[in-house]
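Heads up: the protein sequence lines correspond to chains A and B, in order.
Per our numbering, the very first residue in the first sequence carries number 234; after that it's consecutive.
Per our numbering, the very first residue in the second sequence carries number 8; after that it's consecutive.
Where is the CB? At the ideal position from N, CA and C, for every residue including glycine.
All values reported here derive from a predicted model rather than from experimental measurement.
Remarks on the structure that follows.
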Amino acid sequence: MKVETRGSGRALVYLHPAGGVRWTKVLERLALKRSLHIPTFPGFDGTEADAGVKTRQGLARLVGDYIENEIGAACDVMGCSFGGAVALWLAIDRPQCVDHLVLECPAGLQSIDPALRNNPHAFYKALFAHPEKISYESKPEEIEARNRAMLAHYGAADGKDSQLLENVSRLRATTLIVHGTEDRIIAAETMRLLKSRLARAFLVYVWDAAHNIEVDQPERMGALVESFLERSDAFVVPYA
Amino acid sequence: MKFCFFHLMPFTGVKEITPEWPTPNRMFDSARAHELYRDYVETMVYAERCGFDWVGCNEHHFSPYGLMANCNLIGGALVYPTKNIRIAMMGNLVPLNNPVRVAEEYAMLDCMSGGRLVAGLMRGIPHEYIAYNIPPDASWSRQREAIALILKAWTEPEPFGWEGEHFQFRQVSIWPRPLQKPHPPLVISASSLESARFAGEMRATMGMVLISDLGLAKECIQVYREAARASGWEPTPEHILIGMHTVIADSDDEAKAALREARKYFDGVLMGGMRTAGRLVLQKTRYYQDEANRGRMQNRLAKREAATLEEQIAGGMVLCGSPESVVQQIRRIHAELGNGIFNFTMKVGDLPDAAVRRGMELFRDRVLPHVRHL
């Protein structure tokens with residue numbers, strides 16, 4: 234598994250969404266204070282698929298191996314959408330690998346509306362409340378198409394992983410769930426349900442953000458994640 | 008047809024007409040205010056016995072125009088002496104306040120009143136922004152965000168955080184939550200096309216005041232209905248509230264004379280400083296977003312001010328006359344606009360409270376029986 238690293242400090246593993254790895258302003262900000270590790274899941278962004286890994290739970294095993302072998306200690310983990318489902322499995326199956334967990338509109342807990350799932354143009358539109366804020370380069374169409382196809386490879390074409398919701402209550406990491414108020418891909422009800430099943434979780438809505446919160450509201454998202462990772466539970470206490 | 012008895016709670020007895028803003032409070036008399044609050048609350052409680060369906064009030068700052076810096080305090084005073092009338096807060100100025108506090112206080116009123124709250128979520132008139140040191144340019148974005156946050160605070164079953172442009176809260180979990188589910192009915196002011204569209208999108212009752220002509224009012228209602236349909240719902244007549252000064256007396260002449268006299272105080276004293284501040288805000292900010300909106304509002308106010316009382320009655324800007332005349336006026340406006348609620352401001356300027364009460368009784372005995380079925 235290809236892994237890009239940047240920055241120095243306490244390790245943070247970022248698990249990418251179905252669009253693959255994109256260096257958003259949020260990640261650039263986090264890399265200023267953290268040692269950021271960004272694996273590319275096999276098959277995404279032009280990499281070779283791994284015939285032996287066909288589920289999001291399987292991807293979590295790969296990430297867990299990476300943390301144990303390369304980082305060597307529990308670290309903070311942040312997963313976005315598809316990567317959020319992988320992060321959930323990682324925290325459930327390998328709790329020793331995960332200290333604090335950030336779930337950015339995590340997928341895997343509900344089916345995606347077929348009207349969006351089967352229409353790439355509509356799906357892309359639903360990603361952003363503010364597409365004019367996209368700061369990264371677009372990828373070649375064949376890469377985008379291949380990334381989309383990998384969802385089926387990992388059994389995620391429908392979006393839902395029926396085993397995941399049944400197992401989330403096993404998760405023990407202190408968790409921040411972030412959801413955009415304009416997100417039409419992942420429903421707020423799903424985030425509420427997830428929070429209600431976790432032992433130590435905070436749910437924060439980001440106003441005027443759709444599914445891709447990092448693009449729509451990078452300053453707020455960056456500050457929120459930074460504050461949570463630095464201050465843990467105490468991030469709820471305002472400070473000057 | 009439903010009717011709301013609305014009270015501004017004006018401070019009366021000021022002799023000096025001043026265009027200063029804020030209105031200097033050296034003219035304020037606390038002992039007089041003590042009497043006024045008691046009289047006004049008693050009048051509002053009396054509205055239930057006069058057949059009104061809602062009793063309403065709202066928030067204003069820094070002037071004798073209205074004595075309710077926080078109208079929820081008055082709402083609290085109305086809850087227990089009344090039984091069935093809806094308590095209409097129309098409302099809290101959400102861009103100026105802490106939205107979580109608004110959600111909490113409204114939820115208190117809803118629980119205390121047994122689910123009788125009507126929750127007005129207003130943007131406010133321009134000068135209020137000076138009072139609370141909030142940039143008027145941000146009024147729209149603050150209102151939209153504050154309302155979204157209030158709705159979340161009322162409906163979320165789990166503690167949540169909010170990262171917004173104007174408001175940030177890391178944990179919200181209000182106690183109490185409203186009695187009415189999913190939340191109390193909303194009223195949003197809709198006197199401009201933009202605000203009418205917003206009210207439709209928010210599934211709120213649209214509240215229109217300061218009507219300058221029925222044509223523009225119809226246009227706003229049309230925009231409201233279209234926005235509601237685009238948002239997946241169909242407003243009923245009860246979602247359209249039309250508000251106006253209302254004076255009912257035993258004869259047309261008596262009513263007109265009373266309104267003319269009361270309007271001198273309203274226009275001179277109550278509106279004096281507010282007009283100055285309002286002009287500054289309109290000239291120097293983007294409160295109305297663009298020139299077209301600003302122009303429409305200024306034309307509307309100018310048209311209202313230039314109209315004679317007879318023209319105002321004919322134009323549907325006020326209700327004024329004997330009970331029989333007011334019945335005809337109500338029927339005509341209803342036929343034109345299709346509204347299901349009228350919002351009466353019967354304490355106009357310094358109109359004597361005895362005249363207000365007489366008007367309320369005439370409404371109960373000789374107006375309501377002829378228009379209730381509309």
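| query | Considering B:T162, what are the terminal residues of the alpha helix (DSSP H) in which it resides? | reply | Its alpha helix (DSSP H) spans residues S146 to T162.
| message | Quick check on A:N400: does DSSP put it in helix, strand or coil? | response | A:N400 falls in the helix class under three-state DSSP.
| field | Same chain only: Cβ atoms within 8 Å of B:A269, ignoring 5 sequence neighbours per side | value | Excluding residues up to 5 positions away in sequence, V254, V355, G356, D357 and L358 lie with their Cβ nearer than 8 Å to the Cβ of B:A269 in the same chain.
| query | Quick one: is B:G207 buried, meaning 16 or more other Cβ sit within 10 Å of its Cβ, or exposed? | reply | Buried, because 16 or more other Cβ atoms sit within 10 Å of the Cβ of B:G207.
| field | Buried or exposed by the 16-neighbour rule on C-beta atoms within 10 Å, applied to A:W440 | value | Under this definition A:W440 is a buried residue.
| query | Hey, quick one: how far does the alpha helix (DSSP H) through B:K9 stretch, first residue to last? | reply | That residue, B:K9, is in no alpha helix (DSSP H); its beta strand (DSSP E) goes K9 to H14.
| In three-state DSSP terms, what is B:G328? | Strand.
| Amino acids of chain B, ordered along the chain, whose beta-carbon sits closer than 7 Å to that of A:S429 | Chain B residues near A:S429: E165.
| request: Report the neighbours of A:R417 on chain B: residues whose CB is nearer than 8 Å to its CB, in chain order. | output: Per Cβ cutoff of 8 Å: no residues; A:R417 is ~14 Å from chain B at best.
| query | B:K271: which of B:R236, B:E312 and B:I249 sits nearest, CA to CA? | reply | The shortest Cα separation from B:K271 among B:R236, B:E312 and B:I249 belongs to B:E312.
| request: Examine chain B for any beta-carbon lying closer than 7 Å to the beta-carbon of A:W256, and answer yes or no. | output: With 7 Å as the cut-off, A:W256 does not count as an interface residue toward chain B.
| With respect to 6 Å, is the separation between the Cβ of A:V448 and the closest non-hydrogen atom of the ligand SAH below this value? | With respect to small molecules bound, the structure shown includes none, and the ligand SAH cannot be examined in it.
| Burial state of A:A382 (16 or more Cβ within 10 Å) | Residue environment for A:A382: exposed (fewer than 16 other C-beta atoms within 10 angstroms of its C-beta).
| Nearest residue (CA-CA) to B:W169, options A:A456, A:G291 and A:S314 | Among A:A456, A:G291 and A:S314, the Cα nearest to that of B:W169 is on A:A456.
| For A:A307, the three-state DSSP class (helix, strand or coil) | Three-state DSSP puts A:A307 in coil, outside helix and strand.
| said: Quick check on the burial criterion: 16 or more other C-beta atoms within 10 angstroms. Buried or exposed for B:P102? | reply: Burial is judged here by how many other beta carbons sit within 10 angstroms of a residue's own beta carbon; B:P102 has at least 16 and is buried.
| request: Specify the secondary structure class of A:Y438 as computed by DSSP and reduced to three states. | output: Of the three classes helix, strand and coil, the one that applies to A:Y438 here is strand, per DSSP.
| request: Note down, one range per segment and in chain order, each alpha helix (DSSP H) of at least 4 residues found wholly within the region 14–96 of chain B. | output: Listed in chain order, the alpha helix (DSSP H) runs fully inside the region 14–96 of chain B are 37–56 and 78–86, counting runs of at least 4 residues.
| query | Residues bridged to A:T288 by DSSP? | reply | According to DSSP, residue pairing for A:T288 in a beta bridge does not occur.
| What's the gap between the Cα of B:L381 and the Cα of B:T243? | Taking the Cα positions, B:L381 is about 13 Å away from B:T243.
| field | Integer Cβ distance of A:H249 from A:G316, believed to fall under 8 Å | value | A:H249 to A:G316, Cβ: 5 Å. Contact.
| query | Okay, do the region 9–23 of chain B and the region 417–433 of chain A touch, 3+ Cβ pairs below 8 Å being the bar? | reply | Judged by Cβ distances under 8 Å, the region 9–23 of chain B makes no contact with the region 417–433 of chain A, as fewer than three pairs qualify.
| Going by other Cβ atoms of all chains shown within 10 Å of its Cβ, with 16 needed for buried, is A:L349 buried or exposed? | It counts as buried.
| said: Cutting at 7 Å between CB atoms, please list the residues of its own chain near A:A434, excluding the five before and the five after it. | reply: These residues qualify, in order along the chain: T408, I410 and K428.
| query | Hey, how far is the Cα of B:Q187 from the Cα of B:L116? | reply | Distance between the alpha carbons of B:Q187 and B:L116 is about 11 Å.
| field | For B:P106, the first and last residue of its enclosing beta strand (DSSP E) | value | Per DSSP, B:P106 lies in no beta strand (DSSP E) segment; the continuous alpha helix (DSSP H) that holds it begins and ends at P106 to M119.
| Minimum Cβ-Cβ distance from B:E170 to chain A less than 7 Å | Answer yes: the Cβ-Cβ gap between B:E170 and chain A drops below 7 Å somewhere.
| request: Mind checking who A:A244 pairs with in its DSSP beta bridge? | output: Paired residue(s): A:S268.
| Checking contacts by CB at 7 Å: is B:E201 closer than that to chain A? | No - not a single Cβ of chain A is within 7 Å of the one on B:E201.
| Between the CA atoms of B:T50 and B:V3 - distance to the nearest angstrom | Beyond the ends of chain B as shown, which are 8 and 381, falls residue 3 of chain B; an answer cannot be given.
| message | Could you tell me which whole beta strand (DSSP E) segments of length 3 or greater appear in the region 162–227 of chain B? | response | For the region 162–227 of chain B, whole beta strand (DSSP E) runs of length 3 or above, ordered along the chain, are 167–170, 175–179, 193–196 and 212–215.
| field | Counted within 10 angstroms of its Cβ, other Cβ atoms place B:F35 as buried (16 or more) or exposed | value | Exposed is the call here.
| request: Within the same chain, show all residues whose beta-carbon is closer than 8 Å to that of B:A256, passing over the 5 residues directly before and after it, in chain order. | output: Here the set comprises A262, A265, G328, S329, A362, R365, G366 and L369.
| field | Where the alpha helix (DSSP H) containing A:N380 begins and where it ends | value | Per DSSP, A:N380 belongs to the alpha helix (DSSP H) from E374 to H386.
| message | To the nearest angstrom, how far is the alpha carbon of B:G98 from that of B:F273? | response | Taking the CA atoms as reference points, B:G98 sits about 20 Å from B:F273.
| query | What three-state label does DSSP hand A:F361 in the structure shown? | reply | A:F361 carries a coil assignment under DSSP once its states are collapsed to helix, strand and coil.
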